[in-house]
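What follows is one structure encoded as structure tokens, with my remarks underneath.
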Amino acid sequence: MNKLYDLAGRKIFVAGHRGMVGAALVRTLEARGISPLVATREELDLERQEQTERWFANHRPQAVIIAAAQVGGIHANNSFPRDFLYRNMMIAANLIECAHRNNVEKLLYLGSSCIYPRNAPQPITEESLLTGKLEPTNEWYAIAKIAGIKLTQAYRRQFGCDYISLMPTNLYGLGDNYHPEHGHVIAGLLRRFHEAKLAGAPSVAIWGTGTPRREFLFVDDFAEGALHAMEHYTGADFMNVGCGEDITIAELAREIATVVGFKGELAFDTSKPDGTPRKLLDVSRMNALGWRAKTPLRAGLKAAYADFLAGGGRRYD
Ligand code: GDP
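Using the numbering used here, the letters of the sequence shown map in sequence onto residues 295 to 611.
This is the structure:
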């Protein structure tokens with residue numbers, strides 16, 4: 295497939311390189327021999343427009359990938375509504391405006407599968423956006439991410455900017471957030487099963503009923519898809535990125551128990567929320583573009599657990 299835009303030789307800014315997604319993007323670019331621009335939070339606070347403007351004027355990136363975001367699992371979303379709404383809106387608005395002012399050639403914005411209505415028909419197509427009510431446990435994050443997608447479309451329509459958006463499904467892998475409460479389900483359970491194994495605990499708590507269905511994509515597969523879309527896609531329509539299969543949380547928990555080697559019971563804590571009942575993306579657009587997920591769940595979980603054991607990721611923020 296011919297490339298519409300070649301990342302080789304370009305100055306690419308990966309915003310949010312310390313997060314799980316940003317780090318995977320940097321890894322994937324480096325594997326191609328491309329060394330992207332990055333900025334630590336101390337060097338550049340993306341919530342501050344002036345700082346961001348100065349940084350762009352000094353570094354002049356040609357391509358930008360917005361992987362910077364306030365992210366977290368169901369409990370964090372519920373607990374920090376201001377952070378999820380304000381911080382994500384500011385990051386998107388500052389970066390997209392600065393990209394425009396500095397003639398960035400290509401920009402990729404990352405949304406999330408939680409932007410879709412809670413009761414969207416499954417698998418969820420891109421057309422479901424804004425057709426119904428959002429899942430209340432993550433609407434703060436969803437509203438900010440929808441605004442970000444709309445910004446990429448608005449700059450394209452008003453100025454002809456080549457800005458695109460992708461909607462990743464639930465991601466996991468190296469460099470996840472292993473905070474016991476604030477992270478997503480895979481990181482949370484890897485840690486809980488590991489600690490239960492070490493302590494010889496008879497059971498492990500799983501939040502909710504275990505019946506919600508989720509789709510999980512290994513973050514390095516996602517990074518490949520993101521670079522593929524940067525090079526092979528242009529257009530106002532955003533695209534879903536997922537593996538195309540989902541499992542229940544109970545099945546996932548059993549897989550994680552096997553990978554970790556925990557032999558006790560699963561105890562479902564129904565005082566905790568389930569969140570949306572099902573979230574499976576229709577990924578036919580990305581598949582038609584020539585990208586497909588390749589890491590099976592078991593292999594991805596093993597890689598994530600090895601990373602956890604090696605001290606990867608974050609533990610307390
Ligand atoms: P969501 O897709 O936005 O709901 O993100 P999460 O990854 O936080 O949660 C996915 C599902 O896993 C929800 O139904 C949670 O209730 C369930 N779950 C079970 N145990 C855990 C846990 O330890 N941490 C998190 N974050 N979710 C859990």
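Cβ atoms here follow ideal geometry from the backbone N, Cα and C, with glycine treated the same way.
Nonlocal neighbours in the same chain, by C-beta distance under 7 Å from residue i, ignoring five residues either side
i       : result
Lys-588 : Asp-515
Glu-509 : Thr-463, Asn-464, Gly-536, Cys-537, Glu-539, Asp-540, Lys-573, Leu-574 and Leu-575
Trp-501 : Asp-563 and Lys-566
Asn-413 : Gly-426
Cys-408 : Glu-429, Asn-432, Tyr-435 and Ala-436
Which residues DSSP lists as bridging residue i, in chain order
i       : result
Glu-290 : As displayed, the chain neither begins before 295 nor continues past 611, which places residue 290 out of reach and without an answer.
Glu-559 : Ser-497
Phe-374 : Beta-bridge pairing links Phe-374 to no other residue.
Tyr-457 : Leu-401
Met-533 : Leu-460
Ile-409 : BP columns for Ile-409 are empty, so no partner.
Val-358 : Phe-307 and Leu-401
Leu-465 : Leu-511
Lys-573 : Arg-508
Leu-591 : Looking at the DSSP assignment, Leu-591 forms no beta bridge with any residue, so it has no partner.
Close-in-space but distant-in-sequence residues of the same chain around residue i (CB under 6 Å, 5 per side omitted)
i       : result
Ser-396 : Position check: residue 396 holds Asn in this sequence, whereas Ser was assumed. If we look at Asn-396 and ignore the five residues flanking it on each side, its Cβ neighbours are Phe-350.
Asn-382 : Ala-363, Gln-364 and Ala-438
Tyr-299 : Lys-400 and Glu-525
Ser-497 : Gly-558, Glu-559 and Ala-561
Met-314 : Gly-469, Asp-470 and Val-513
Tyr-380 : none
8 Å contact criterion, which residue i and residue j should meet: CB distance rounded
i       : j       : result
Ala-393 : Leu-401 : 5 Å
Ala-438 : Phe-378 : 7 Å
His-428 : Ala-436 : According to the sequence shown, residue 428 is Leu rather than His. Yes, they are in contact, since the Cβ atoms of Leu-428 and Ala-436 sit about 5 Å apart, within 8 Å.
Ile-418 : Gly-529 : Rounded, the Cβ-Cβ distance is 19 Å, inconsistent with contact.
Gly-594 : Tyr-466 : 7 Å
Ala-598 : Leu-468 : 7 Å
Trp-434 : Asn-371 : 6 Å
Arg-634 : Tyr-472 : This structure leaves residue 634 out entirely; the chain is present only between 295 and 611.
Lys-491 : Val-554 : 6 Å
Residues near residue i by beta carbon distance below 8 Å, same chain, minus five either side
i       : result
Gly-569 : Ile-368, Glu-429, Thr-431, Asn-432, Gly-502 and Pro-506
Arg-579 : Glu-420, Asp-531, Met-533 and Asn-534
Leu-319 : Val-308, His-311, Pro-330, Ile-359, Ala-361, Ala-517, Ala-520 and Leu-521
Glu-337 : Trp-349
Exposure label - residue i; buried when at least 16 CB within 10 Å
i       : result
Glu-518 : buried
Leu-460 : buried
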